[in-house]
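If you number the sequence shown the way this note's numbering does, the last residue is 218 and the count never jumps.
In this text, a Cβ means the ideal position worked out from N, Cα and C, and glycines have one as well.
From a predicted model like this one, the values you see are computed outputs, not experimental measurements.
Heads up, the thing below is written out as structure tokens.
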Amino acid sequence: MPSQLIVSVGQYSDKGRKAVNQDFYGVMVPTEPQLSTKGIVAAIADGISSSEVSHIASESSVRSLLDDYYCTSETWSVKKSAERVLTANNTWLHSQTEKSEHRFDKNKGFVCTLSALIIKSNTAYTFHIGDSRIYHFRNGNGVSLTADHRTWVSSEQSYLSRAMGMFSQLELDHDSLTVEKGDVFILATDGVYECVDKNLMYQFVEKNAANLDEAAAK
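What follows is the structure, given as structure tokens:
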């Protein structure tokens, strides 16, 4: 009898010193048959601080992926399904900005980062735009599976070069890798990884394996 895909999940978010929490995250672990046909989806989004509506973009991007991905055809590949859903959401976000008073200033529009992980059978698929990150750890060794879409104009100043809702056309990074028992994936926004080294994040996971929500909070 084939082994079933099983994951353990921990989640946490905090606004930090900001007045509003612009992050949004979620995980969907469906029952069979969708567990086998579609897999498990985890996603995290982070709104841009210059916008007062970017938290709406974050929530919309994550919720639409978690909900609509499972409504796509079972004959579609993971890549096709995810990209169709994310492209539709990007179009909606961009149109909301175009219809608002911020249509000439995308830095105040419906814009956010998005990093998503879909695990189906023994394969993990990543979809990424912006500067949130997905880390992968195997046997304690960790690497970032994503590259930040950020342009630096000086040693201290930078700006997002790609994000959900920023442009009418969506340009996603995507990749895949084979997963093994015991693999650890950590999705994090810049508010975390700029302050906490990835190896320290992994230590929190290892020390709080029985309570991954606590690991995420730490």
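Within this structure, are the beta carbons of residue i and residue j separated by less than 7 Å?
i, j, result
"VAL170", "THR113", "The identity of residue 170 in the sequence shown is Leu, whereas the question assumes Val. For LEU170 and THR113, no; Cβs fall outside 7 Å."
"PHE185", "LEU117", "yes"
"LEU65", "VAL85", "yes"
"SER121", "ILE134", "no"
"THR151", "SER161", "yes"
"ASN89", "SER61", "yes"
"GLY39", "ILE119", "yes"
"ASP175", "THR126", "yes"
"PHE137", "TYR202", "yes"
"LEU177", "SER8", "no"
"ASP46", "THR189", "yes"
Note down the Cα distance separating residue i from residue j, rounded to an integer number of angstroms.
i, j, result
"ALA124", "LYS79", "11 Å"
"GLU180", "GLN34", "21 Å"
"GLY182", "ASP197", "21 Å"
"VAL29", "GLN11", "14 Å"
"TYR226", "VAL143", "Since the displayed the chain opens at 1 and closes at 218, residue 226 lies outside it and no answer follows."
"ALA215", "ARG17", "21 Å"
"LEU200", "GLU101", "43 Å"
"VAL27", "ARG63", "10 Å"
"THR37", "GLN4", "12 Å"
"MET1", "THR31", "At MET1, the pLDDT of 40 sits below 50, so the modelled position is not reliable; the number obtained from the coordinates is stated separately. One C-alpha to the other measures close to 18 Å."
"ALA163", "ASP14", "21 Å"
"THR91", "SER155", "33 Å"
"GLY191", "TYR159", "15 Å"
"LYS99", "VAL153", "30 Å"
"MET166", "ASP148", "15 Å"
Using C-beta distances below 6 Å, list every residue in its chain close to residue i, excluding the 5 sequence neighbours before and after it, in chain order.
i, result
"ILE6", "none"
"ILE44", "TYR25, SER115, SER132 and LEU187"
"VAL53", "PHE110"
"SER168", "HIS94"
"THR72", "SER81"
Using the Cβ count rule (16 or more neighbours within 10 Å means buried), how would you classify residue i?
i, result
"GLN157", "exposed"
"LYS207", "exposed"
"ASP23", "buried"
"ALA82", "buried"
"ALA19", "exposed"
"ALA210", "exposed"
"GLU41", "Per the sequence shown, residue 41 should be read as Val rather than Glu. Under this definition VAL41 is a buried residue."
"GLY140", "exposed"
Give me, in chain order, the residues of the same chain whose beta-carbon lies closer than 7 Å to that of residue i; leave out the 5 immediate sequence neighbours on both sides.
i, result
"ASN107", "ILE48, SER50 and SER51"
"ILE56", "PHE110"
Going by beta carbon distance, what residues of the same chain come within less than 8 Å of residue i, once the five residues before and after it are set aside?
i, result
"ILE218", "What sits at residue 218 in the sequence shown is Lys, not Ile. Closer than 8 Å at the Cβ level, and outside the excluded window around LYS218, lie PHE204 and ASN208."
"CYS195", "none"
"LEU172", "GLU83, LEU86, PHE127, HIS128 and ILE129"
"GLU74", "THR37 and LYS38"
"ASN21", "SER13, ASP14, LYS15 and HIS55"
Any Cβ of chain D within less than 7 Å of the Cβ of residue i?
i, result
"THR75", "Protein chains in the displayed structure number just one, and chain D is not present."
Practice task
For the region 5-43, list the beta strand (DSSP E) runs that are entirely contained and at least 3 residues long, ordered along the chain.
Solution key: 23-28
Practice task
Taking only runs that begin and end inside the region 80-141, name each unbroken beta strand (DSSP E) of 3 or more residues, in chain order.
Solution key: Qualifying beta strand (DSSP E) stretches, in chain order: 112-120, 123-129 and 133-138.
Practice task
Return the chain-ordered ranges of every beta strand (DSSP E) run that is complete within the region 135-201 and spans a minimum of 3 residues.
Solution key: Fully enclosed beta strand (DSSP E) runs of 3 or longer: 141-144, 150-152, 158-160, 173-178 and 184-188.
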